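Chains as they are written, first to last, in our numbering: chain A, 14 to 270; chain B, 43 to 653.
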Amino acid sequence: MAEPLLVVSNVETYYGPIMAIRGVSFTVPRGGIVTILGANGAGKTTILKTVSGVMDPQKGTVTFAGRQIQGMDPDRVARLGLSHVPEGREVFPFLTVRENLAMGAFTRPDPGGVAQDTEMVYEYFPVLRARAEQRAGSLSGGEQQMLAISRALMARPAMMLLDEPSLGLSPRLVKEIFDIIVRINRERGVTVLLVEQNAHMALTIADYGYVLEVGRIVMEDTCARLLEKEDIKEFYLGIKETGVRGTRRWKRKKMWR
Amino acid sequence: MSEAGRGFTVHGQATLPTLFRHVVRERGDAVAMREKDLGIWRAITWRQYGERARRAGLGLVGLGLRPGDVVSIIADNCPEWLYTDLGTLSVGGITNGIYTTDSPRQVEYIVNDSGTRFFFAENEEQLDKILEVRARCPQLVTIVVYDMEGLHAFRDPQVMDFAALLELGARYDREHPGAFDRMVEIPQPEDLATLVYTSGTTGPPKGAMLSHRNILFQLGYADFAAEPRPGDQQLSFLPLSHIAERTFTVFYPLRTGATVNFAESIDTVPENLREVAPAVFFAVPRIWEKFYSGVALRMRDATRLGRLAYRWAIGVGACVADHRLAGRRPPAGLRLLHRVADVLVLDNVKRSLGLHRARGAVTGAAPIAPDLIKWYMALGLDMREVYGQTENCGLATAMPADRIKLGSVGVARPDTEVRVARDGEILLRGPHVFMGYYKNPERTAQTIVDGWLHTGDVGELDAEGFLRITDRMKDIIITAGGKNVTPSEIENQLKFSPYITDAVVIGDQRKFLSCLVMLDPETVAQFAQERNVPFTNFASLCRAQEVQDLIWDEIERVNKQLARVETIKRFHLIEQILTPEDEELTPTMKLKRALVNRKYKDVIENMYLER
């Protein structure tokens with residue numbers, strides 16, 4: 014594996030008195046796609062927010078490209094080349110698609126490069142070109158997700174944090190978006206940290222995965238191996254033996270091995 | 043041995059069915075048990091208990107149960123378990139509990155070995171086990187399910203809802219007036235009442251036969267830990283298929299009238315304990331160790347003042363404990379100081395554990411570190427260690443109230459005898475000795491010789507009659523140098539560490555001792571987090587150098603107290619979080635020595651490679 018671009022070490026993050034992340038450590042290699050799986054409330058989003066500076070950890074370090082960034086303001090983190098695509102595709106609804114993209118490039122001084130990159134995202138997502146002058150609020154959910162990813166790309170990030178890009182999208186759109194995430198990773202060399210509930214998709218495109226349960230990592234492995242684990246199959250992929258009666262409701266105990 | 047001749051009675055009754063009928067009549071609307079339902083503790087009276095047990099028993103009769111038939115129950119602790127147990131006994135059946143963690147294959151073995159005709163399953167999960175193997179259980183008649191959730195659409199001629207069984211029983215009662223009371227009279231004190239399968243660490247489990255007399259004899263001594271008082275509460279959470287919890291939850295209240303509260307699950311025991319605040323608390327060392335490490339860890343996070351106060355108070359408590367251990371009454375000044383320490387600190391610690399009302403605390407079923415008992419004594423809890431086994435219906439020796447010798451398991455229970463054979467094996471004789479192994483006369487003959495029960499444990503008796511257990515006979519290690527080592531002593535000291543849940547010492551015919559260690563995932567994770575030691579899953583936590591060093595320090599601490607030949611030179615951490623479902627652990631969370639030795643053969647060999 015290449016040298017890690019992101020190193021998260023012993024991070025603890027709180028919401029008031031509630032410890033949401035209870036000591037999490039993981040690494041993301043340069044140029045790789047790493048996924049974090051976990052149920053609702055496991056702390057996936059909190060991890061991304063802690064990395065991108067939206068939340069400050071009480072403890073632990075976040076090292077990005079050799080520099081400690083924990084507790085840094087989110088705009089400074091973004092300038093270092095780390096773009097966060099938040100959950101629920103928070104685009105600016107009253108700005109047009111083009112203006113949204115321009116917002117993504119606000120840190121960049123080179124108008125020529127910005128124009129070039131606008132072209133690039135239109136290549137990836139042709140539908141955005143067609144909707145360039147339309148207000149973002151009037152786009153469909155899938156188009157908004159595409160816009161959110163494109164806006165992040167406009168900052169020419171070294172790394173993107175993607176928070177549930179599949180949320181609320183049709184299976185076909187999910188596939189389309191994931192294909193493009195892979196292309197962005199391969200063609201642009203953008204390192205990706207992906208948080209997902211759609212475990213099947215995430216494990217298919219990522220190289221390495223971590224499983225998060227109530228604020229702690231309980232399992233880590235290459236995605237190929239994770240796909241073979243009994244616990245992953247039953248709790249994340251919904252594949253289970255039906256047992257003697259043909260239906261089974263009770264859940265096995267999670268072992269995480 | 044005077045009582046042995048005339049039989050034993052509790053409340054004037056000589057068998058469990060008559061005793062149960064008697065106390066149900068006496069106690070009527072007093073609360074027998076409580077179960078938490080949607081967050082609220084719901085009471086069940088003795089009258090309801092009696093009624094439901096009667097219907098369960100008669101329902102079984104309606105299904106064709108004959109006296110002497112075996113009824114097996116696989117369920118976590120719940121009122122239905124008790125209805126089934128006493129219902130079965132009341133109509134002359136034999137009850138047998140199966141561990142809920144057993145696999146379908148183990149269930150099949152026990153069902154067939156015991157000739158089980160009626161099988162009670164807690165829920166869908168347990169039902170699936172018996173359905174998977176029932177084709178190979180020809181004598182099985184009916185399966186009854188307590189909780190039908192998820193099974194409403196399921197129809198099977200052999201499977202029945204518990205509610206339907208109770209209805210069947212009620213109808214049988216109406217159609218056969220007086221039949222129940224005749225059945226209650228059938229079992230005689232010498233008759234078999236229950237089978238308890240012992241979790242054999244080697245070979246298949248064996249069904250120990252316990253008679254009504256065995257159980258009633260033991261009930262006669264039930265108040266040794268604390269004199270029962272009206273309104274006493276107890277908490278039930280250890281497996282009922284174990285003789286100790288069975289006695290404590292099912293039989294003991296027949297004598298004392300204490301109210302049994304069922305813990306919601308094993309994970310909620312600490313919360314439930316605080317809610318119930320029991321009068322008497324029985325637990326295995328594993329639980330006592332967990333409470334202790336919980337307090338030790340909380341103290342590390344406490345303020346400086348809090349830490350100082352705790353250290354001072356527990357120091358005062360330890361002084362008082364020392365006086366008690368020496369058999370002296372502490373001087374008045376110290377007693378007063380202890381009162382102050384109690385009000386300021388110790389009572390709060392006990393409250394945080396839910397033990398502030400506990401007049402009796404009992405530990406048994408596994409060895410415990412003497413330091414741990416001393417810590418509880420310092421807290422002001424009257425903790426008593428007991429020793430015994432399934433084959434003598436639970437209790438053979440107990441620590442007397444007036445004379446405590448740490449490191450021993452107390453003296454023989456009244457009206458019984460303890461002897462140590464020439465080869466060091468502990469032998470027991472008395473009315474508590476079981477009837478033998480079910481359908482296994484050879485093993486019975488090897489175990490009971492001339493009335494003496496051969497325990498398989500090695501120990502010593504001192505001049506005052508205190509028994510010290512050295513180890514299981516077959517566990518004693520003889521090193522390559524010919525030195526005898528008793529592993530359990532070392533293991534108990536290791537387990538006293540808040541970071542170590544259990545350990546197995548290895549070294550039979552080896553040049554030196556080594557050990558396999560099972561970490562406490564919570565405390566070690568907290569340690570790593572405090573020191574900024576990065577880790578992801580449990581295996582990576584085990585491999586962290588800081589954790590390896592931490593455990594080595596803990597081993598060195600124990601090594602200092604051992605003779606040089608007995609010190610542990612190498613260790614290996616088990617890199618998986620084990621649960622009772624794993625074959626490595628007994629249902630009471632002890633590592634199985636023989637199995638662990640086999641399963642971890644490679645890593646053990648690795649520890650003995652020249653480096």
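For each residue, glycine too, the CB sits at the ideal point set by N, CA and C.
None of the values given here were measured: they were computed from a predicted structure.
| query | result |
| --- | --- |
| Distance between Gln83 of chain A and Arg346 of chain B (C-alpha atoms, nearest Å) | 29 Å |
| Per-residue burial, Pro529 of chain B [other beta carbons within 10 Å of its own, 16 or more giving buried] | buried |
| Ile136 of chain B versus Leu495 of chain B - alpha carbon distance | 23 Å |
| C-beta neighbour in chain B for Gly155 of chain A, strict 9 Å | no |
| Local conformation of Lys553 of chain B per DSSP, three classes | coil |
| Any chain A beta carbon closer than 9 Å to Ala383 of chain B | no |
| Sequence-distant residues of its chain with Cβ nearer than 8 Å to Lys171 of chain B (five each side left out) | Ile116, Asp144, Ser145, Pro146, Val149 and Ala163 |
| Proximal residues of chain A, C-beta to C-beta of Pro618 of chain B below 7 Å | Looking at the sequence itself, residue 618 of chain B is Gln, so the reference to Pro does not match. Per Cβ cutoff of 7 Å: Arg270. |
| Anticipated Cβ contact below 8 Å, Val391 of chain B with Leu421 of chain B, distance rounded | 6 Å |
| Distance between beta carbons of Ala286 of chain B and Ile436 of chain B, contact taken as under 8 Å | A quick correction: the sequence has Gly, not Ile, at residue 436 of chain B. 6 Å between Cβ atoms; contact. |
| Through-space distance from His254 of chain B to Thr57 of chain B, alpha-carbon basis | 5 Å |
| Burial state of Ser153 of chain A (16 or more Cβ within 10 Å) | exposed |
| Spatial neighbours of Val187 of chain A in its chain, beta-carbon cut-off 7 Å, leaving aside the 5 residues before and after | Ser179, Asn211 and Met214 |
| Three CB pairs or more closer than 8 Å across the segment 456 to 470 of chain B and the segment 482 to 490 of chain B | no |
| Residues within the segment 418 to 433 of chain B neighbouring chain A, beta-carbon criterion of under 9 Å | none |
| Alpha-carbon spacing of Lys641 of chain B relative to Gln618 of chain B, whole angstroms | 13 Å |
| Extent of the continuous beta strand (DSSP E) run through Gly73 of chain A | Lys72 to Phe77 |
| Euclidean distance between Cα positions of Thr63 of chain A and Thr26 of chain A | 7 Å |
| beta-carbon Gly524 of chain B near the ligand GDP non-hydrogen atom, thresh 8 Å | Of the ligands one can find in the structure shown there are none, so the ligand GDP has no counterpart to examine. |
| Proximity winner among B:His614, B:Thr289, B:Asn256 and B:Arg176, relative to Tyr650 of chain B (alpha-carbon distances) | B:His614 |
| Proximity test, Cβ basis, 9 Å: Pro173 of chain B and chain A | Checking the displayed sequence, the identity of residue 173 of chain B turns out to be Leu instead of Pro. Closer than 9 Å to some Cβ of chain A, the Cβ of Leu173 of chain B qualifies, so yes. |
| Beta-carbon proximity check, Phe222 of chain B vs Leu100 of chain B, cutoff 9 Å | yes |
| Beta-carbon proximity of Leu208 of chain B to Ala98 of chain B, cut-off 9 Å | yes |
| Where Trp417 of chain B falls: helix, strand or coil (DSSP) | helix |
| Cβ separation of Met425 of chain B and Ala363 of chain B, assumed to be a contact under 8 Å, to the nearest whole Å | That pair is no contact at about 10 Å. |
| Whole-angstrom distance between Val226 of chain B and His64 of chain B, CA atom to CA atom | 11 Å |
| Neighbour flag for Pro320 of chain B against chain A, beta carbons, 9 Å | no |
| Beta-carbon proximity list for Ala605 of chain B, same chain, < 6 Å, skipping 5 on both sides | none |
| Beta bridge counterpart(s) of Met341 of chain B as assigned by DSSP | Its beta-bridge partners do not exist; DSSP assigns none. |
| Chain B contact residues for Tyr223 of chain A, given Cβ-Cβ distances below 7 Å | Thr578 |
| Whether Ile446 of chain B touches Leu509 of chain B by CB criterion (9 Å) | no |
| Given Gly94 of chain A as reference, the closest of A:Arg121, A:Arg111 and A:Asp69 once Cα atoms are compared | A:Arg121 |
| Where Ser307 of chain B falls, given that 16 or more other Cβ within 10 Å makes a residue buried | exposed |
| CA nearest to the CA of Pro180 of chain B, picked from B:Ala454, B:Val153, B:Asp198 and B:Asp189 | B:Val153 |
| CB contact check: Thr58 of chain A to chain B, cutoff 9 Å | no |
| N-terminal and C-terminal residue of the alpha helix (DSSP H) that Asp244 of chain A is part of | Glu243 to Phe248 |
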